[in-house]
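Asks: Counting with the working numbering, you get residues 5 to 248 for the letters of the sequence shown.
For glycine and all other residues, C-beta sits at the position ideal for the given N, C-alpha and C.
Nothing here was measured: the structure is a model prediction, and the numbers come from that model.
The structure that follows is given in the form of structure tokens.
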Amino acid sequence: MRSEGERLMHKHRLLFFQFLITSCCLCAQSQGIQGIVLDPRGQPIAGARIECAGAATVTDPGGQFKIEEVSGCQALVSAPGFEARKVQLESGANPRIAMAVAGLAERIVVTATRHQATVEEAGVAASILTRADLVQRQFPFVADVLRDIPGLQVATNGRPGSLTSVYTRGAQRTGTLVLLDGVPLNDPGGELNLAGVASGDIDRVEVIRGPESALFGAEAAAGVVAFHAARRSREHDSPRFTFL
Numbered sequence: 005m006r007s008e009g010e011r012l013m014h015k016h017r018l019l020f021f022q023f024l025i026t027s028c029c030l031c032a033q034s035q036g037i038q039g040i041v042l043d044p045r046g047q048p049i050a051g052a053r054i055e056c057a058g059a060a061t062v063t064d065p066g067g068q069f070k071i072e073e074v075s076g077c078q079a080l081v082s083a084p085g086f087e088a089r090k091v092q093l094e095s096g097a098n099p100r101i102a103m104a105v106a107g108l109a110e111r112i113v114v115t116a117t118r119h120q121a122t123v124e125e126a127g128v129a130a131s132i133l134t135r136a137d138l139v140q141r142q143f144p145f146v147a148d149v150l151r152d153i154p155g156l157q158v159a160t161n162g163r164p165g166s167l168t169s170v171y172t173r174g175a176q177r178t179g180t181l182v183l184l185d186g187v188p189l190n191d192p193g194g195e196l197n198l199a200g201v202a203s204g205d206i207d208r209v210e211v212i213r214g215p216e217s218a219l220f221g222a223e224a225a226a227g228v229v230a231f232h233a234a235r236r237s238r239e240h241d242s243p244r245f246t247f248l
């Protein structure tokens with residue numbers, strides 16, 4: 005039979021191992037990344053999107069965010085009106101991420117007068133979605149991008165990716181000209197086949213509501229929608245050859 009001292013030592017060992025197991029469980033549960041997103045004045049930004057290691061979340065009204073079960077990643081932080089930026093996040097760091105206001109270069113209207121002009125200078129009703137806006141809203145299809153713009157009505161015939169019609173301020177579909185890098189996408193009836201255009205390949209969307217037929221012809225009697233594709237680097241597009 006064990007002595008009183010052996011039984012006491014055995015009990016202490018059990019308590020010690022139980023403590024270790026509990027500590028490990030608590031550490032596993034607390035693992036994650038959290039922080040706060042701020043504007044240039046140090047005020048919290050609500051609704052900012054953080055993408056990290058395949059997970060994504062948005063900040064609460066206090067600008068704070070938390071991503072569970074991630075110990076570290078190179079995160080993309082974006083918010084409407086601010087320049088998207090990449091930040092290295094680590095568990096337990098609790099970073100204060102300062103965002104910079106998007107410059108005027110990201111708010112340029114090209115289609116209104118066929119030369120660069122800000123929304124204020126263009127003198128027309130214009131809306132612009134930048135790359136940061138598109139990343140923030142995560143549109144699954146290009147047609148969904150247009151649905152989010154005031155003054156536009158979008159109708160899709162059948163399943164997503166089918167022929168799409170765009171109506172500007174209630175005008176006929178033949179009155180809205182849709183361009184991709186300056187190339188018209190409308191068929192003679194005004195419909196669009198956007199199945200070959202991925203929303204992830206769009207860098208900027210410019211919408212002009214109002215008659216632009218003097219610049220673009222009768223197809224722009226109600227307005228113009230201009231998609232600008234994201235520019236890929238020459239290194240990415242060039243073929244590579246390996247000689248053995």
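By Cβ distance below 8 Å, which residues in the same chain neighbour Ser95 in space, the five residues on each side in sequence not counted?
Replies: Gln35, Gly36, Ile37, Val74, Ser75 and Gly76
Asks: Pull the bridge partners of Leu196 from the DSSP assignment, please.
Replies: Answer by DSSP bridge pairing, in chain order: Thr168 and Asn190.
Asks: Of the choices Pro48, Glu223 and Gln142, whose alpha-carbon is the least far from that of Leu183?
Replies: Among Pro48, Glu223 and Gln142, the Cα nearest to that of Leu183 is on Glu223.
Asks: Considering Gln68, what are the terminal residues of the alpha helix (DSSP H) in which it resides?
Replies: It is not in any alpha helix (DSSP H) - Gln68 instead sits in the beta strand (DSSP E) that spans Gln68 to Glu72.
Asks: With DSSP run on the structure shown, which of helix, strand or coil describes Ala63?
Replies: The displayed chain sequence assigns Thr, not Ala, to residue 63. Thr63: coil per DSSP, three-state reduction.
Asks: Just how far apart, CA to CA, sit Ala83 and Leu133?
Replies: 12 Å
Asks: When DSSP labels each residue in this structure, what does Thr134 get in the three-state scheme?
Replies: coil
Asks: Could you spell out the range, first to last residue, of the alpha helix (DSSP H) harbouring Val81?
Replies: Per DSSP, Val81 belongs to no alpha helix (DSSP H); it is in the beta strand (DSSP E), Gly76 to Ser82.
Asks: Where does Val146 fall in DSSP's three states?
Replies: helix
Asks: Taking only beta-carbon atoms, is Phe231 less than 9 Å away from chain C?
Replies: The structure shown contains no chain C; it holds only a single protein chain.
Asks: Can you give me the C-alpha to C-alpha distance between Asn161 and Gly39, rounded to a whole angstrom?
Replies: 44 Å
Asks: Taking its Cβ as the centre, do 16 or more other Cβ atoms sit within 10 Å of Asp185, making it buried, or is it exposed?
Replies: exposed
Asks: Would you give the residue range spanned by the beta strand (DSSP E) that Asp207 belongs to?
Replies: DSSP places Asp207 in the uninterrupted beta strand (DSSP E) bounded by Ile206 to Arg213.
Asks: Quick one: grab the DSSP three-state call for Ala159.
Replies: strand
Asks: The beta strand (DSSP E) with Phe86 in it runs from where to where?
Replies: Looking at the DSSP string, Phe86 is not in any beta strand (DSSP E), and its letter there is neither H nor E.
Asks: Start and end of the beta strand (DSSP E) containing Ala222?
Replies: No beta strand (DSSP E) holds Ala222; DSSP gives it neither H nor E.
Asks: Can you tell me which of Gln176, Arg100, Ile54 and Ala104 puts its alpha carbon nearest to the alpha carbon of Gly214?
Replies: Gln176
Asks: For Arg208, count neighbouring C-beta atoms within 10 Å of its own C-beta (all shown protein chains included) and say buried if the count is 16 or more, exposed if not.
Replies: buried
Asks: Assuming contact is defined by CB atoms lying nearer than 9 Å, are Ala136 and Ala106 in contact in what I supplied?
Replies: yes
Asks: Identify every residue that forms a DSSP beta bridge with Ile54.
Replies: Thr61 and Val81
Asks: Report the residue from Gly58, Val62 and Gln142 whose alpha carbon sits nearest the alpha carbon of Val41.
Replies: Nearest C-alpha to Val41: Val62.
Asks: Which of the three DSSP states, helix, strand or coil, is assigned to Gln140?
Replies: helix
Asks: At a cut of 8 Å, does the stretch 87-94 reach the stretch 167-176 through at least three beta carbon pairs?
Replies: no
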